[in-house]
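K.L.:
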Amino acid sequence: MEQGSSSSSSNSSKKKAHETASGTKLTFLREDRDKFDLPDLLKASAEILGSGCFGSSYKAAVMNGTAMVVKRFRQMNNLSREEFQEHMRRLGRLRHPNLLPLVAFYYRKEEKLLVSDYVHKVSLAVYLHGNHSRGQPSLDWPSRLKIVKGVSKGLLYLYNELPSLIAPHGHLKSSNVLLNESFEPLLTDYGLVPVVNQEHAQDIMVAYKSPEYKQHNRISRKTDLWSFGILILEILTGRFPANVLQQGGKGSDTDLATWVHSVVREEFTVEVFDKEMGVMTKNSEGEMLKLLKIGLACCHTDVEKRCDLKEAVERIAELKEKDSDEDFYSSYASEGDIHSSRGLSDDFSFSMNG
């Protein structure tokens with residue numbers, strides 16, 4: 001009896017010692033990164049980057065001065081420890097030039113830390129909606145087209161690599177698209193729908209703002225496609241989606257897609273584009289209209305009528321920075337449609353009422 005008690009006590013002590021030791025360990029998911037642990041992070045010089053809907057983000061200079069981003073999550077108890085760790089390893093295996101890689105994670109029941117590389121440029125949201133008078137340049141059409149193409153490739157990769165997830169990204173928006181030195185987009189905060197507490201996810205994640213969730217209380221395999229369509233329209237118009245909702249008034253269902261369609265119907269097709277894109281857009285309106293059509297097709301309120309992601313990516317890949325004469329005129333149904341929306345409506349039967 002005493003021996004059993006002693007053995008039990010010894011096992012308990014070993015377990016506590018193991019938990020204490022492992023309690024400072026980060027789980028690394030990349031072999032091509034220098035290893036460090038929680039004490040290194042705590043000792044590192046840190047700069048708070050912001051506080052988002054998930055938690056706080058910090059820039060930390062670790063070991064040899066390498067800058068990393070550490071995100072603290074508190075509302076992430078939807079899975080057990082083992083399930084959480086397995087999902088993080090799954091995300092850590094993803095490799096794509098348009099995804100910001102997950103480098104390491106730390107698990108504690110009360111909070112989780114996700115560690116990724118620090119990107120020196122800022123988010124797409126800052127470039128679209130920041131204060132340009134302070135020296136932040138606006139994005140021209142070639143840059144915006146490059147960003148849309150990169151986002152489309154990254155999203156398609158997520159769909160191919162995470163087929164069991166109903167919303168492989170789940171939180172696609174302009175503030176979750178980082179831009180590197182060459183304005184190549186990097187998607188962040190992807191693949192988190194399974195791990196975030198459901199009530200919290202419904203309050204803050206973009207997937208749960210979709211028409212299908214509002215109407216039927218569920219998301220679908222085409223929910224990320226809706227988010228992508230809204231992002232395309234935001235990039236083309238320069239309008240922040242939340243601001244469009246506010247302009248619609250309290251209780252309004254006026255999302256960005258509905259606003260764009262209403263402007264087009266009022267015969268101001270070209271006027272819908274962001275004037276910050278600059279003078280080059282005069283030679284690119286045909287290609288821009290093609291992208292506008294793709295964006296509207298992606299965020300159709302009826303899930304069944306949304307275009308397929310693979311088809312959207314292929315059509316986006318064909319877009320060019322400048323129109324040829326043939327491309328320009330083919331983007332309109334006829335000369336009489338240059339300032340009307342008939343071409344958009346006929347191509348995609350876009351419905352504002354769902």
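Last residue of the sequence shown: number 354 in UniProt numbering, and the count goes up by one each step with no gaps.
From the three backbone atoms N, C-alpha and C, an ideal C-beta is built for every residue, glycine too.
Just so it is clear, the structure is predicted and the values come from calculations on it, not from any experiment.
Looking at the unbroken beta strand (DSSP E) that takes in Met68, where does it start and where does it end?
P.N.:
Where Met68 is concerned, the enclosing beta strand (DSSP E) stretches over Thr66 to Phe73.
K.L.:
When the Cα of Val196 is compared with those of Arg81, Lys214 and Ser123, which residue comes out closest?
P.N.:
Among Arg81, Lys214 and Ser123, the Cα nearest to that of Val196 belongs to Arg81.
K.L.:
Using a Cβ-Cβ cut-off of 8 Å (strictly less than) and excluding sequence neighbours within five positions of Tyr157, which residues of its own chain qualify?
P.N.:
Leu94, His96, Asn98 and Leu99.
K.L.:
Below 8 Å, how does it come out for the segment 280-296 and the segment 211-225: are there three or more Cβ pairs, yes or no?
P.N.:
Flag = no, the segment 280-296 and the segment 211-225 do not touch.
K.L.:
Cα separation between Lys282 and Ile235?
P.N.:
Lys282 and Ile235: Cα-Cα distance of roughly 17 Å.
K.L.:
Closer than 8 Å by C-beta to Leu179: which residues in its own chain qualify, once you throw out the five before and the five after it? Chain order, please.
P.N.:
Correct list, in chain order: Val119, Lys121, Val122, Ser123, Leu124, Tyr127, Ile147, Pro185 and Leu186.
K.L.:
Between the alpha carbons of Trp226 and Gly150, how many angstroms are there, rounded?
P.N.:
Spanning the two alpha carbons is a distance of roughly 17 Å.
K.L.:
Which class does Ile316 belong to by DSSP, given the choice of helix, strand or coil?
P.N.:
If DSSP states are grouped into helix, strand and coil, Ile316 belongs with the helices.
K.L.:
Taking 7 Å as the cut-off, decide whether the C-beta atoms of Gly52 and Arg72 are in contact.
P.N.:
Not closer than 7 Å, so no.
K.L.:
Using DSSP with H/G/I as helix, E/B as strand and the rest coil, what is Val195?
P.N.:
Coil at Val195, not helix or strand.
K.L.:
Taking Cβ positions, are Glu276 and Gly238 nearer each other than 7 Å?
P.N.:
In contact: Glu276 and Gly238 (Cβ atoms closer than 7 Å).
K.L.:
I'd like to confirm the pairing. Which residues does DSSP put opposite Ala201 in its beta bridges?
P.N.:
None; Ala201 has no bridge partner.
K.L.:
If you follow the beta strand (DSSP E) that Lys59 is in, where does it begin and where does it stop?
P.N.:
Here the beta strand (DSSP E) through Lys59 covers Ser56 to Val62.
K.L.:
Under 6 Å Cβ to Cβ from Val103, same chain only, skipping five residues before and after it: list those, please.
P.N.:
Here the set comprises Arg30, Arg33, Val115 and Ser116.
K.L.:
Mind reading off the beta-carbon distance from Gln198 to Asn78? Whole number of angstroms is fine, and I expect it under 8 Å.
P.N.:
Going by Cβ atoms, the distance from Gln198 to Asn78 rounds to 6 Å, so yes, they are a contact pair.
K.L.:
Could you pull out every residue in the same chain whose Cβ sits closer than 6 Å to the Cβ of Asp189, ignoring the five residues on either side in sequence?
P.N.:
For Asp189, where only same-chain residues beyond five positions count, the Cβ hits under 6 Å are His171 and Asn176.
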